[in-house]
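Following: one structure in structure tokens, then a few remarks.
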Amino acid sequence: MHAEQEYLHLIESCVVGKLDPDAFTSNYMQLWREDRAEVYKRSSQWPQRFDLELLTQFENGDISDQQFADSWARLWGYSGRENFEQFKDRVLTACDIYSPVPEGEYELNPQEFRLELAEIYKNFNTTFLNA
């Protein structure tokens, strides 16, 4: 897994204008894909589909929301890093709706994208790091 600092440095570079949004999204997605591949590789070594078993327990009401969240984080190897994973998901969503030339009302142009990243980063620093 890539270090949190690597993600944070990349985000800071875009927010302050050292990296344009197109390069940022490309670099961010590369980091994210590499981390995802590492996590999925772990699951390929399981003797059975523990993720599906856990989902079934949750859907059947056998475990609480919190028990599911805790078990899911342990299963996928990010227990203790849940806040950072949520942060990465928010950045991923911003990347998904970024467009150099927005066509839809929900797409972010380069300036809006930087502002969104700055807000996500600020919330991470003030909320998650102090949790």
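Going left to right, the sequence shown walks through residues 37 to 167 as this note's numbering numbers them.
Just so you know, even glycine gets a beta-carbon here, dropped at the ideal spot from N, CA and C.
It should be emphasised that the depicted structure is a prediction, and the values quoted were computed from it without experimental measurement.
Exposure label - residue i; buried when at least 16 CB within 10 Å
i      : result
LYS158 : exposed
CYS64  : As written in the sequence, residue 64 is Tyr, which differs from the Cys given in the question. TYR64 should be labelled buried.
THR92  : exposed
THR61  : buried
VAL51  : buried
ALA167 : Unreliable placement is indicated for ALA167, whose pLDDT of 48 sits below 50; no coordinate value is reported for it.
Per DSSP, the bridge partner or partners of residue i
i      : result
LEU88  : Beta-bridge pairing links LEU88 to no other residue.
LEU144 : TYR134
Residue j beta carbon less than 8 angstroms from that of residue i
i      : j      : result
GLY113 : ARG69  : no
GLN137 : LEU153 : What sits at residue 137 in the sequence shown is Val, not Gln. Taking 8 angstroms as the Cβ cut-off, VAL137 and LEU153 do not qualify as a contacting pair.
TYR134 : PRO57  : yes
Closest by C-alpha distance to residue i, when choosing among the options
i      : options                        : result
MET37  : PRO83, LEU67, GLY97, ALA59     : LEU67
ALA109 : ASP98, LEU90, GLY97, ASN96     : LEU90
GLU143 : GLU155, THR129, ILE156         : THR129
VAL75  : GLU121, LYS54, GLU155, LEU151  : GLU121
GLU156 : GLU139, GLU141, ASN119, GLY140 : A small correction: the amino acid at residue 156 is Ile; Glu does not occupy that position in the sequence shown. Checked all of GLU139, GLU141, ASN119, GLY140; the closest Cα to ILE156 is ASN119.
Cβ-Cβ separation, residue j to residue i (assumed contact under 8 angstroms), whole Å
i      : j      : result
PHE160 : PHE123 : 5 angstroms
LEU111 : ASP87  : 6 angstroms
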